[in-house]
Amino acid sequence: MHRLDFERARDFMYCNARLIERHLYSFHFETGSAASVLRALSGYRHDNGLYGFGLEPDKRTSAPQPVDQEIALQTLDAVQADKQHFLSICEGLPLLTNEDGALPFSCPTVGAAQHSPWWACENAQESSINPTGSIVAILLKSKVEHSWMVRAEEFCWRALDELSAISSHSILNALSFLSAHPNQALARTYLPKMRELVREATCFDPNANGYVFSPLIFAPDPRSVAAGFFSAAEIEPHLNYLLEQQQEDGGWPINWPPLSKGVGLEGRGLVTLRNLKILSAYGLLGEWQQTKTAQSAYPTV
Numbered sequence: 000m001h002r003l004d005f006e007r008a009r010d011f012m013y014c015n016a017r018l019i020e021r022h023l024y025s026f027h028f029e030t031g032s033a034a035s036v037l038r039a040l041s042g043y044r045h046d047n048g049l050y051g052f053g054l055e056p057d058k059r060t061s062a063p064q065p066v067d068q069e070i071a072l073q074t075l076d077a078v079q080a081d082k083q084h085f086l087s088i089c090e091g092l093p094l095l096t097n098e099d100g101a102l103p104f105s106c107p108t109v110g111a112a113q114h115s116p117w118w119a120c121e122n123a124q125e126s127s128i129n130p131t132g133s134i135v136a137i138l139l140k141s142k143v144e145h146s147w148m149v150r151a152e153e154f155c156w157r158a159l160d161e162l163s164a165i166s167s168h169s170i171l172n173a174l175s176f177l178s179a180h181p182n183q184a185l186a187r188t189y190l191p192k193m194r195e196l197v198r199e200a201t202c203f204d205p206n207a208n209g210y211v212f213s214p215l216i217f218a219p220d221p222r223s224v225a226a227g228f229f230s231a232a233e234i235e236p237h238l239n240y241l242l243e244q245q246q247e248d249g250g251w252p253i254n255w256p257p258l259s260k261g262v263g264l265e266g267r268g269l270v271t272l273r274n275l276k277i278l279s280a281y282g283l284l285g286e287w288q289q290t291k292t293a294q295s296a297y298p299t300v
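Note that numbering that gives the first Met the number 0 has the sequence shown beginning at 0, numbered continuously upward.
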């Protein structure tokens with residue numbers, strides 16, 4: 000199996016990634032503080048509590064989009080932020096919510112600035128479990144209670160019956176929702192169906208090109224629910240390929256067309272951080288994992 004060059008990955012993050020990913024890298028792998036991550040995240044926050052300004056970088060509108068709230072909540076969850084941060088987003092979510100109580104994939108305000116074609120939205124869209132499921136999952140996991148969650152959760156249960164293997168992102172959202180829901184007895188009844196969908200949506204060829212979902216996207220941690228859907232023999236080639244794909248500059252490539260060179264570099268920062276977390280979860284950071292860096296480029300202040 001190939002070995003990771005962690006120092007080059009570190010250099011890539013500090014030389015190329017956005018400020019928020021640099022602070023998240025420092026938080027996860029060095030001595031960076033949660034407070035530093037939250038300060039970086041605050042730059043994307045609107046006065047109404049919602050996040051925008053290209054937090055998801057493939058659309059450049061300042062207007063809040065549902066996916067921006069998902070990323071903000073993922074960030075808050077990663078650093079175990081106070082509940083008030085989560086509740087602040089909940090207070091603003093009705094501004095993006097459809098009449099059925101759930102969120103669409105994209106909102107027409109995305110058209111105010113350049114965006115990748117998959118975000119295009121000229122008219123109001125129907126609700127989608129992507130990203131409603133992930134957002135509800137994070138709120139449940141964080142023990143947040145808010146009136147917005149009630150109908151959104153009901154929508155997610157209904158949406159589980161409409162999942163198909165052609166929508167990998169929706170499957171990921173469904174997995175997050177089921178993993179986080181407190182009624183695990185009910186959630187487990189969906190696992191046979193989820194296993195079938197996940198395996199149908201998975202690309203098992205590690206050398207495949209294009210926007211494909213490997214087993215590691217569905218199971219980024221060996222403790223995740225979907226990890227049980229794959230054998231070790233199916234996971235290992237993708238871990239080795241992930242190590243092989245580290246570029247000369249230390250980062251990883253993206254597997255989708257970037258909106259611009261600058262946005263492409265922002266995407267590489269996101270993907271590099273994601274891949275380092277996957278390799279860490281599977282115990283493949285090498286000697287560095289045994290002796291975690293004592294210093295950070297962003298000292299705790």
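From the three backbone atoms N, C-alpha and C, an ideal C-beta is built for every residue, glycine too.
Same chain, Cβ closer than 6 Å to Tyr24, neighbours up to 5 away in sequence not counted
As a position in the sequence shown, residue 24 is number 25, starting the count at 1. Counting only Cβ-Cβ distances below 6 Å, and skipping sequence neighbours, we find Met12, Leu272.
Does DSSP put Arg38 in a helix, a strand or coil?
What you label residue 38 is simply residue 39 of the sequence shown in a count that begins at 1. Residue state, collapsed to three classes: helix.
Looking only at its own chain, which residues have a Cβ that is under 7 Å from the Cβ of Glu6, when we skip the five neighbours before and after it?
Within the sequence shown, the letter at position 7 stands for residue 6. Contacts found: none.
Would Glu283 pass as a contact of Leu242 if the rule is Cβ separation under 8 Å?
Against the sequence shown, residue 283 aligns to sequence position 284. Against the sequence shown, residue 242 aligns to sequence position 243. Looking at the sequence provided, one finds Leu at residue 283 rather than Glu. Yes, they are a contact pair.
Between Gly266 and Pro130, how many whole angstroms is the CB-CB distance? I'm expecting something under 8 Å.
In the sequence shown, residue 266 corresponds to position 267, counting from 1. In the sequence shown, residue 130 corresponds to position 131, counting from 1. At roughly 18 Å, the Cβ-Cβ gap does not stay under 8 Å, so Gly266 and Pro130 are not in contact.
Assign Gln65 to buried or exposed, taking buried as 16 or more other Cβ atoms, counted over all protein chains shown, within 10 Å of its Cβ.
Translated into the one-based positions of the sequence shown, residue 65 becomes position 66. The displayed chain sequence assigns Pro, not Gln, to residue 65. Pro65 should be labelled buried.
If we ignore side chains and look at the alpha-carbon of each, how far apart do Cys120 and Ile134 end up?
For this step, residue 120 is matched to residue 121 along the sequence shown. For this step, residue 134 is matched to residue 135 along the sequence shown. Going from the Cα of Cys120 to the Cα of Ile134 covers about 21 Å.
Residue interval of the alpha helix (DSSP H) (run including Asn239)
Reading the sequence shown from its first residue, position 240 is the one you call residue 239. Run containing Asn239: 231-243, per the alpha helix (DSSP H) assignment.
Selected residue, minimal CA-CA separation from Gln124, among Ala136, Leu162, Ala101:
For this step, residue 124 is matched to residue 125 along the sequence shown. The option with the nearest alpha carbon to Gln124 is Ala101.
Supposed close pair Val143, Leu86 - CB separation, criterion 8 Å:
The count along the sequence shown starts at 1 and reaches residue 143 at position 144. The count along the sequence shown starts at 1 and reaches residue 86 at position 87. Yes, Val143 and Leu86 are in contact; Cβ-Cβ is about 6 Å, under 8 Å.
Are the CB atoms of Ala164 and Leu196 nearer to each other than 8 Å?
As a first step, residue 164 must be located in the sequence shown, where it is residue number 165. As a first step, residue 196 must be located in the sequence shown, where it is residue number 197. Going by C-beta atoms, Ala164 is nearer than 8 Å to Leu196.
State yes or no: is the C-beta of Asn122 within less than 8 Å of the C-beta of Pro107?
Indexing the sequence shown from 1 puts residue 122 at position 123. Indexing the sequence shown from 1 puts residue 107 at position 108. Against a cut-off of 8 Å, the Cβ pair of Pro107 and Asn122 comes out as a contact.
DSSP puts Ser126 in a beta bridge; with which residues?
Locating residue 126 in the sequence shown gives position 127, where the first residue counts as 1. According to DSSP, which records beta bridges pairwise, Ser126 is partnered with Pro103.
Buried/exposed call for Gln68, threshold 16 Cβ in 10 Å
Taking the first residue of the sequence shown as position 1, residue 68 is located at position 69. Burial call: buried.
Between Ile19 and Glu235, what straight-line distance do the alpha-carbon atoms span, to the nearest angstrom?
Along the sequence shown, one-based indexing puts residue 19 at 20. Along the sequence shown, one-based indexing puts residue 235 at 236. Roughly 31 Å between the two C-alpha positions.
Taking 7 Å as the limit between beta carbons, can you name the residues of its chain near Leu3, skipping five residues before and five after?
Position 4 of the sequence shown holds residue 3. Answer for Leu3: Leu242, Gln245, Leu278, Leu283, Leu284, Gly285, listed in chain order.
Proximity of Glu233 and Phe212 at Cβ, strictly below 8 Å:
Here residue 233 refers to the residue found at position 234 when the sequence shown is read from its first residue. Here residue 212 refers to the residue found at position 213 when the sequence shown is read from its first residue. Not closer than 8 Å, so no.
Alpha helix (DSSP H) segment containing Arg198, residue limits:
By one-based count along the sequence shown, residue 198 stands at place 199. Unbroken alpha helix (DSSP H) run through Arg198: 190-200.
Under the three-state reduction of DSSP, which class applies to Gly285: helix, strand or coil?
Position 286 of the sequence shown, counted from the start, is the residue given in the question as residue 285. Of the three classes helix, strand and coil, the one that applies to Gly285 here is coil, per DSSP.
Residue closest to Ser167, alpha-carbon to alpha-carbon, out of Leu138, Gly132, Thr188, Asn182:
Indexing the sequence shown from 1 puts residue 167 at position 168. Ser167 has its Cα closest to that of Gly132, out of Leu138, Gly132, Thr188, Asn182.
Strand pairing of Arg44, partner residues [DSSP]
Position 45 of the sequence shown, counted from the start, is the residue given in the question as residue 44. Answer is Tyr50, bridged to Arg44.
Tell me, which residues are paired with His114 by DSSP?
On the sequence shown, position 115 is the one that residue 114 refers to. Beta-bridge pairing links His114 to Lys58.
What residues in its chain sit with their C-beta under 6 Å from that of Ile137, if we drop five residues either side in the sequence?
If you number the sequence shown from 1, residue 137 lands on position 138. So the qualifying residues of the chain are Leu72, Asp76.
Thinking Ala112 and Arg187 are a contact (beta carbons under 8 Å), I'd like their distance in whole angstroms, please.
Against the sequence shown, residue 112 aligns to sequence position 113. Against the sequence shown, residue 187 aligns to sequence position 188. Rounded, the Cβ-Cβ distance is 43 Å, inconsistent with contact.
CA-CA distance, Asn15 and Gly268?
Within the sequence shown, residue 15 is the residue found at index 16, counting from 1. Within the sequence shown, residue 268 is the residue found at index 269, counting from 1. Their backbone Cα atoms lie some 7 Å apart in a straight line.
Please report how far the alpha carbon of Phe229 lies from the alpha carbon of Ala8, in whole angstroms.
The sequence position of residue 229 within the sequence shown is 230, counting from 1. The sequence position of residue 8 within the sequence shown is 9, counting from 1. Phe229 and Ala8: Cα-Cα distance of roughly 28 Å.
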